[in-house]
Amino acid sequence: MDIVATLLDTLISAAFWTAVLRIATPYVLGTLGELICERAGVLNLGIEGIMTLGAMAGWMTVYQGGGLWAGVLAAAACGALFGLLHAALTVPLGLSQHVTGIGVTLLGTSLSSFVYRLVLPQASTPPTIVPFQPLPLPGALAQTPLTYSALALVGGIAYVLYRTPVGLAVRMVGENPAAAEAQGLNVTALRVGAVMAGSALMALAGSFLTLSAFNAFFFNMVNGRGWICIALVVFASWRPGKALVGALLFAVFDALQVRLQQASGGVLPYQVFLMMPYLLSILALVLVARRASYPHALMVPYRKGER
Amino acid sequence: MTAASASRSLSTKGKPEVVLRLTGITKRFGPLLANDAISLTLHAGEVLALLGENGAGKTTLMNILFGHYVAEQGTIEVFGRPLPPGSPHAALEAGIGMVHQHFTLADNLSVLDNVAVGTESLWRLRSDRRASRTRLLELAQRFGLDVRPDALVADLSVGERQRVEILKALYRDARILILDEPTAVLTPQEAAGLFETLGRLTADGLAIVFISHKMNEVFAASDTVAVLRAGKLVATHATNSTDRAKLAELMVGRTVTPPAPLPLLAGDPVLDLSRVTVVSGHGQPLLDAVDLTVCRHQVVGIAGVSGNGQTALAELVSGLSAPDSGRVTIKGVGVERADPKAMVHRGVARIPEDRHSAGLVGAMTVWENLIGERYRDRAFSRFGILRRSAARTYAREVIKDFDVRCPGPDARTQLLSGGNMQKLILGRTLAYRPDLILASQPTRGLDIGAVSYVHGRLLEARAAGAGVLLISEDLDEILALADRIAVIHQARLTPLLPNGHVSIGQLGLLMAGHWDILPEILDAA
Amino acid sequence: MRLEPRADSPLSLQLIAPLGAIAAALALCAVLVAWTGAPVLRAYGLLIEGALGSRFALTETLTRATPLILTGLAAAVAFRAKLWNIGAEGQLYMGALTAVILGGGMIDLPAGLLVPLVMLAAMAVGGATLLGPAVLKVRFGVDEVVTTLLLNFVVLLLVSMLLEGPLKDPMGMGWPQSAPVISAAELPKLIARTRLHAGLAIAVGLAILLWLIDTRTIWGYENRAVGANPRAAAFAGMPVTWIMLRTALLSGGLAGLAGAAEVCGLKGYLTLDLSPGFGYSGIVVAMLAQLHPLGVVGAAVFIAAIFVGADAMSRAMPIPNYIADVMVSTSLLCMLVAGLLVRYRLRRG
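Chains as they are written, first to last, in the UniProt record's numbering: chain V, 1 to 307; chain A, 1 to 525; chain L, 1 to 349.
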């Protein structure tokens, strides 16, 4: 009964919902980024590395004296650049999206570590910066500008995908690139552009970690968040609105497991609670896999004039 | 010329305007010369039929015109202006529209989305849906092409999809319309409807190129006919100044003799389906209480528009699926569960619908593919170890017996031509003297030499005592080979109708679902 | 420019491709080395010397190559069947866990029996770890890339939990590490007074065995067919689902064996930093080898040399040793392009 009472108390506390929105932000951004790539027909397993790179680049820019928004921009630019790398290999060259994505992740992660260590060879405790501060709003609304940007992007991206010509064109290349080409669209440019834009969002998700949620860069700080975003895209049936719902739901569980961990008073090892997010993602995949309607051309390379 | 286009051409300066001029188009694919210095002109209001066998280079030529491929040599002029090569966008801008043989539509999007995509400036802040819808409905009404703008393409019939494809071109103000094998997937009646539409379009001044390998369509719909053979343009004639025999000869390069009629034989049943129902994962019936019997010395042809249950029937007889209810027997023994291997060992030779994706493993060698169904036999393996030299020897025999043109048993199958792949599949199955042959679309995409080879082998097997179940969307093929014909429509199968006692028109009506004429046909037969 | 499939890819081209990719990767990474201010040629000289320059360096490289051969084989076997097992890291830790549990004194057997028992059990557990995602893929259509990746994190947390709980070494001075395996469970050394152990012989032996299975047996025949075209394999009557699951068991088993070999051959006990990403590097190894079992051995030695050499280099120069990870991931991307040029040729127009 105690647990139930604690749970109820938690669910009505403002601090809990503040935490939920904070936890959800990188998932919202990362999931939107992956969603854009996949809508254009490209699976981007580079997400984990691109998030790490975004976290490092954003932090490093601020640490070197740049402004916070300059850090955000730097992260997005690095993300777009790595998106270009992934897209260059998978779109015109049509290489395996799985293996290329893993390669991009390995490169993004190792390059982040390399650069960080090169600039700060001796740092034993990670140096800190002054991160974004929450807006002076009451209760759970006291979030940093990046969280509000993420929420605005959900609506913005949904609008672009469903209400504008370029959004329709992106969905078309993800469904049937041959049809898009027959309508005079440039499949390669659209796919490359979508992957770059999506990767920029992934890097933003990473930069939120170092510029908003924490104030320092750690190796492995992304810690599988990118992979969870990929699961969330499937869970969201490739729809931005559902992606927000999925990310929030996930954040609720994540925030709850932290509270439960504290409330359980060490009856169960803390690792059991830490496993929850990953197991939950797998469970979500199993639940939706049967009725998932993938973009038809997802992971199918398109080479013009091939026969 | 059709009456409409003739009247138009007289009303202008006497001779109609040249809208398209191809000069010296040459295109290679590796060693293959697909188009060899082809030159063509097209006038406003004209319907040009591009006639040729599979592999003659018709589709390649049109793909170059539309910018899917780039020619090595040659120029294209549209309305007197040179067309930049390799850009469908430029072709669309110049007023060229193309209806592809495999429709280029996205299933998950609506009709309106499919038509409107790419027609607005990409960077507009909002799509003008209302304007697009109005324009689409207006065009649909003007040319009598009935469509539902908000329907998902996935829910449309083949005929409806083709209408959407044509509207896509009209929506973009196409003045030249290319249709690639437009009737291949239609019933004879739907095809007639298409030709009526084409008449309305030429009356409006459009010029049309349609690709075909069927003689009767050329005479039904075209003003001019251009014949391609092995990449070369061999002749261009006004359609009314030539005849079938002449065109056939030009197309094939030799005189064609129609096959001799077959003696009727019949033996014991080898395949029997009784009230067989197969249901899809979504609960829709794929086969609905189907009855069918195939006897020895008999070819049974299954006619129908694609997507009416042919695949389910083929999978059932291949052993890939089992009936949800009803009974399947092979040589009197019931089939209990899905087991392709058991089917092979019961003497069923299976020729799959799609030889690339289901028939062969392209990345593996000829010998590896030839033992694909029987690698566990003692002839090809012992204690789990492959007997590679025995398999190669066997492969050499099959290559010789079935005239497979390939460098040897160790060649990769993906390098073989379509005809040789099909011979390989025939060799793999027919070498074992089957009792029942399942042939799904056995000649789709093959050139005329390979087609007659495949037909010959099937008839040979029939003479030797096999029953043949021939599933084909090509009515001509069914009429040429089958002793008995059944029509499949929406998962249901008509009773067997004796070939010769049913007309093409009647088959077309049955394919379109007008089964009310069945009693009349059965009475006559 | 256009890509045109080659009618035939000569063996010479297939051998040159990885070498070209490696050269390209080293050239690209030279930019990073130059950025650190270190003289590039001397830095690369130190790297090669540190990896291959002495008997000791060579044995270190081969020791490092041992788990990489096994995880490389794990990736190669799975990728050939188009089973995207990115979870070798987790399967490796499951194997290692099995080794410290069974080899920790729980079972008392002579070394001749205990070592094979531990190795086989580690393979079984590693295989079972991948069986879950494989079943989800076959049964529910769940993408195995994401599930295997997520399981890596779950396994690591499980190991952490056990190392801080029931498996914690009472003599470990508070560090989260397991008690060492008993000497009967240890793999013998290949060369005295080096760290090189019998795991290398096992790994190389398995590579040869897998190559023979691949080319000579109906198992290999079925695997290749299912990997290249599962639809055609099913049409021909091959048991595609079983072949997939069997491949998963083998792939996970090889990764599990890598973990057990590290514990029983090298470390003696289990910690959370047993593997510096062997599971992920195995993917690079497999791709460099173009999924060929024998090629895996060579590729693993190369990757190991980079890691061992980069450590030596970063001790002598102010170059962070993360350069090794950058080199390895760059090699992977370069290899993908090189592999493409083996299968296609570039044409104008």
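No residue lacks a Cβ here, since even glycine has one placed at the ideal position from N, Cα and C.
Counting only Cβ pairs nearer than 7 Å, list the residues of chain A close to residue i.
| i | result |
| --- | --- |
| Pro-240/V | What Pro-240/V touches in chain A: nothing, since even the nearest Cβ is about 16 Å away. |
| Gly-237/L | Pro-340, Lys-341, Val-344 and Glu-373 |
| Leu-146/V | Per Cβ cutoff of 7 Å: no residues; Leu-146/V is ~25 Å from chain A at best. |
| Leu-168/V | Asp-113, Val-117 and Ser-127 |
Residues in its own chain within less than 7 Å of residue i by CB, not counting five upstream and five downstream?
| i | result |
| --- | --- |
| Thr-328/L | Before going on, a small fix: residue 328/L reads as Val here, not Thr. Contacts found: Ser-281, Val-284, Ile-303 and Ile-306. |
| Gly-220/L | Ile-213 and Asp-214 |
| Ala-75/V | Gly-54, Ala-57, Gly-58, Ala-203, Leu-204, Gly-206 and Ser-207 |
| Gly-319/A | Ala-338, Asp-339, Pro-340, Ala-342 and Met-343 |
The beta strand (DSSP E) spanning residue i covers which residue range?
| i | result |
| --- | --- |
| Tyr-344/L | 344–347 |
| Phe-210/A | 207–212 |
| Arg-195/L | Where Arg-195/L is concerned, there is no enclosing beta strand (DSSP E), given that its DSSP letter is neither H nor E. |
| Leu-250/L | Not the beta strand (DSSP E): Leu-250/L falls in the alpha helix (DSSP H), residues 240–261. |
| Phe-29/A | 18–29 |
| Pro-269/A | 269–279 |
| Thr-236/A | 232–238 |
Run through chain V and tell me which residues come within less than 7 Å of residue i, C-beta to C-beta.
| i | result |
| --- | --- |
| Tyr-322/L | Ser-110, Ser-113, Phe-114 and Arg-117 |
| Ile-86/L | Ile-102 |
| Met-98/A | Ala-182 |
I'd like the list of long-range same chain contacts for residue i, defined as Cβ closer than 8 Å, with 5 residues on each side in sequence excluded.
| i | result |
| --- | --- |
| Arg-6/L | Val-342, Arg-343, Tyr-344 and Arg-345 |
| Asp-169/L | Trp-175, Gln-177, Ser-178, Ala-179, Pro-180 and Tyr-269 |
| Ser-7/A | The pLDDT assigned to Ser-7/A is 42, lower than 50, so where the model puts this residue is not dependable, and the model offers no usable value. |
| Gly-66/V | Ala-74 |
Interface residues of chain L around residue i at Cβ under 9 Å?
| i | result |
| --- | --- |
| Met-275/V | Phe-153, Val-154, Leu-157, Leu-158 and Met-161 |
| Leu-316/A | Result: empty, since nearest Cβ-Cβ is about 13 Å, beyond 9 Å. |
Excluding the 5 residues preceding and the 5 following residue i in the sequence, name in chain order all residues of the same chain whose CB lies nearer than 6 Å to its CB.
| i | result |
| --- | --- |
| Val-40/L | Ala-30, Val-33 and Ala-34 |
| Pro-301/V | Gly-94 |
| Ala-142/V | Pro-134 |
| Gly-139/V | Ala-14 |
Closer than 9 Å by beta-carbon distance: list the chain A residues that pair up with residue i, in chain order.
| i | result |
| --- | --- |
| Arg-163/V | Leu-125, Arg-126, Ser-127 and Arg-129 |
| Leu-185/V | Pro-88, His-89, Val-117, Gly-118 and Leu-122 |
| Arg-171/V | Ala-106, Asn-108, Leu-109, Asp-113 and Val-117 |
So residue i and residue j are supposed to be a Cβ contact under 8 Å. How far apart are they, rounded?
| i | j | result |
| --- | --- | --- |
| Ala-243/V | Ala-236/V | 4 Å |
| Lys-324/A | Val-279/A | In the sequence on display, residue 324/A carries Asp and not Lys. Their Cβ separation, rounded to whole angstroms, is 5 Å, which keeps Asp-324/A and Val-279/A in contact under 8 Å. |
| Pro-269/V | Met-161/L | 5 Å |
| Pro-295/V | Trp-238/V | 6 Å |
| Leu-424/A | Val-366/A | 7 Å |
Given that residue i touches chain L, what residues does it touch there, using C-beta distances under 8 Å?
| i | result |
| --- | --- |
| Gly-359/A | Ala-232 and Phe-235 |
| Gly-159/A | Under the 8 Å cutoff, chain L gives no residues; its nearest Cβ is about 29 Å from Gly-159/A. |
The alpha helix (DSSP H) with residue i in it runs from where to where?
| i | result |
| --- | --- |
| Ser-325/A | Element bounds for Ser-325/A: not the alpha helix (DSSP H) but the beta strand (DSSP E), 325–330. |
| Gly-74/A | It is not in any alpha helix (DSSP H) - Gly-74/A instead sits in the beta strand (DSSP E) that spans 73–78. |
| Asn-308/A | Careful: Asn-308/A lies outside any alpha helix (DSSP H) and carries neither H nor E. |
For residue i, which residues in chain V fall below 9 Å Cβ to Cβ?
| i | result |
| --- | --- |
| Asp-377/A | Those do not exist, as Asp-377/A stays about 35 Å from chain V at its closest Cβ, beyond 9 Å. |
For a contact meaning CB atoms closer than 8 Å, what does residue i contact in chain V?
| i | result |
| --- | --- |
| Phe-140/L | Val-286, Ala-289 and Arg-290 |
Determine the chain L residues that contact residue i at a beta-carbon separation under 7 Å, and present them in chain order.
| i | result |
| --- | --- |
| Val-195/V | What Val-195/V touches in chain L: nothing, since even the nearest Cβ is about 15 Å away. |
| Ser-199/V | Near Ser-199/V there are no residues of chain L at all, since even the closest Cβ is about 15 Å away, more than 7 Å. |
| Gly-418/A | Residues of chain L passing the Cβ test: none, with the nearest at roughly 15 Å. |
| Ile-230/V | Val-146 |
What in chain A is Cβ-close to residue i, meaning under 8 Å?
| i | result |
| --- | --- |
| Ser-264/V | Here the premise fails: no neighbours, minimum Cβ distance about 43 Å. |
| Glu-175/V | Ala-106, Asp-107, Asn-108 and Leu-109 |
Chain B partners of residue i, CB-CB under 7 Å?
| i | result |
| --- | --- |
| Leu-92/A | Note that chain B does not occur in the displayed structure, where the protein chains are V, A and L. |
Handout entry: Inside the stretch 98–180 of chain A only - alpha helix (DSSP H) runs reaching at least 4 residues
Key = Every alpha helix (DSSP H) of 4 residues or more that sits fully in the stretch 98–180 of chain A is shown, in chain order, as 111–116, 129–142 and 158–171.
Problem - Unbroken stretches of the alpha helix (DSSP H), 4 residues or longer, contained in the stretch 39–80 of chain V - result: The DSSP assignment places 47–63 as complete runs of the alpha helix (DSSP H) inside the stretch 39–80 of chain V, in order along the chain (cut-off: 4 residues).
Practice task
Would you list, in sequence order, the uninterrupted alpha helix (DSSP H) runs of no fewer than 4 residues that lie entirely inside the stretch 412–469 of chain A?
Solution key: The qualifying runs are 418–430 and 448–463.
Exercise for the section: Could you pull out every unbroken beta strand (DSSP E) segment of at least 3 residues lying fully inside the stretch 334–394 of chain A, listed in chain order? Expected result: List check, beta strand (DSSP E) in window: 348–351.
Handout entry: Runs of alpha helix (DSSP H) lying entirely within the stretch 291–325 of chain L, each at least 4 residues, in chain order
Key = Those alpha helix (DSSP H) runs which fall completely within the stretch 291–325 of chain L and span 4+ residues are 293–316.
Practice task
Tell me the start and end of each unbroken beta strand (DSSP E) in the stretch 264–295 of chain V that is at least 3 residues and wholly inside, in chain order.
Solution key: For the stretch 264–295 of chain V, not a single whole beta strand (DSSP E) run of length 3 or above is found.
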